[in-house]
Amino acid sequence: MIPKLKHSNKNFLLLAGPCVIEGEAMAFDIAEKIVAICDRLEIPFVFKGSYRKANRSRIDSFTGIGDEKALEILKAVGEKYNIPTVTDIHSASEAELAARYVDVLQIPAFLCRQTDLLVAAAETGKVVNIKKGQFLSAESMQFAVGKVRDAGNNKVMLTERGTTFGYQDLVVDYRGIPVMKENQCPVIMDITHSLQQPNQTSGVTGGKPELIETIAKAAMAVGADGIFIETHPNPAVAKSDGANMLKLDLLEDLLTKLVKLKQVVDQL
Numbered sequence: 003m004i005p006k007l008k009h010s011n012k013n014f015l016l017l018a019g020p021c022v023i024e025g026e027a028m029a030f031d032i033a034e035k036i037v038a039i040c041d042r043l044e045i046p047f048v049f050k051g052s053y054r055k056a057n058r059s060r061i062d063s064f065t066g067i068g069d070e071k072a073l074e075i076l077k078a079v080g081e082k083y084n085i086p087t088v089t090d091i092h093s094a095s096e097a098e099l100a101a102r103y104v105d106v107l108q109i110p111a112f113l114c115r116q117t118d119l120l121v122a123a124a125e126t127g128k129v130v131n132i133k134k135g136q137f138l139s140a141e142s143m144q145f146a147v148g149k150v151r152d153a154g155n156n157k158v159m160l161t162e163r164g165t166t167f168g169y170q171d172l173v174v175d176y177r178g179i180p181v182m183k184e185n186q187c188p189v190i191m192d193i194t195h196s197l198q199q200p201n202q203t204s205g206v207t208g209g210k211p212e213l214i215e216t217i218a219k220a221a222m223a224v225g226a227d228g229i230f231i232e233t234h235p236n237p238a239v240a241k242s243d244g245a246n247m248l249k250l251d252l253l254e255d256l257l258t259k260l261v262k263l264k265q266v267v268d269q270l
């Protein structure tokens, strides 16, 4: 389904990278390290980076370095390492633009019911990854999948990223993974966003990165087809979502454990 995907059918799918493209050197550094890890562990890898962050708590929050500049960096990363790339789009008008640079278009959770956005993404012919809204049940995602397929595109994936739990927390209902797999499409577990603590009074989203391994292992145990992880060399200085990102030098140990766990699960 995803072009340029190495090690396909050997392991779970990994979508990983920084929350937002902060610059060329940072993007290449992260991509190089993840590619090396995934080659050693034979994990199919899609490099993730948002070219712009449209959903910010405060107007003074960092949103990006410029749309086409960031998209050019994503394209360059994909070409240098011969790997697929994924980025979010936020409106129907962005679909065609982003599709010129990346292999997978991602629909943000808050926008997963936007019909015009789903149809525009589908019509590009790219793979469409739809994040489940924090406000929706797993069962309801059949309709989002249906919109993409009805627009003539069968290349669709779903991503679980937690469900609203009170005003400032999320909880993962792992029953949703097998439910969404009934749509006959890959289901990804977004590890890091599931650990967000949104709507903080400071206007900066919080998080619980110490639980990343817990969320990831549980996802493998219930049969997730892949995982989504935002990672950064130094999350403390990341320009977006640093509170719930995984430090880059911790990634290999986590993935090694998940590969072993998946091997056990596959034998059950």
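If you count the sequence shown from 1, you need to add 2 to reach our numbering. Virtual Cβ for every residue (Gly too), placed ideally from N, Cα, C. From a predicted model like this one, the values you see are computed outputs, not experimental measurements.
So, helix, strand or coil for residue i, using DSSP?
i      : result
Gly80  : helix
Ala240 : coil
Asp90  : strand
Phe49  : strand
Ala153 : coil
Gln265 : helix
Met222 : helix
Phe14  : coil
Phe137 : coil
Asp171 : coil
Gly178 : helix
Ile4   : coil
Ala248 : Sequence inspection shows Leu at residue 248; the Ala mentioned does not correspond to that position. Strand, per DSSP.
Gly228 : strand
Ile190 : strand
Val158 : strand
Gly274 : The chain is shown from 3 up to 270; residue 274 falls before or after that span and cannot be answered.
Thr65  : coil
His234 : strand
Tell me, to the nearest whole angstrom, how far the beta carbon of residue i is from that of residue j; I am working on the premise that it is less than 8 Å.
i      : j      : result
Asp227 : Val189 : 5 Å
Leu197 : Ile39  : Not quite, the Cβ-Cβ distance comes to about 21 Å (not below 8 Å), so this is no contact.
Thr89  : Val104 : 5 Å
Ile132 : Thr161 : 7 Å
Gln170 : Pro211 : The Cβ separation is near 16 Å, so there is no contact.
Ala123 : Ala97  : 5 Å
Ile2   : Gly25  : No statement about residue 2 is possible, as the shown extent of the chain runs from 3 to 270 and does not include it.
Leu260 : Phe14  : 7 Å
Taking all protein chains shown into account, decide if residue i is buried (16 or more other Cβ within 10 angstroms of its Cβ) or exposed.
i      : result
Pro86  : buried
Glu232 : buried
Ala245 : buried
Thr165 : buried
Ala238 : exposed
Val173 : exposed
Phe167 : exposed
Asp118 : exposed
Asn84  : exposed
Leu270 : exposed
Phe137 : exposed
Thr216 : exposed
Gly51  : buried
Lys262 : exposed
Arg54  : buried
Arg102 : exposed
Would the C-beta of residue i count as close to the ligand SAM, meaning under 7 Å from any of its heavy atoms?
i      : result
Lys264 : Absent from the structure shown: the ligand SAM. Ligands present: none.
Exercise. At 3 residues or longer, and completely inside the stretch 108-135: list those beta strand (DSSP E) runs for me, N to C.
Key: 129-133
With three or more beta-carbon pairs closer than 8 Å as the criterion, would you say the stretch 243-259 touches the stretch 72-84?
no
The stretch 6-16 / the stretch 43-56 touching (three or more Cβ pairs under 8 Å)
yes
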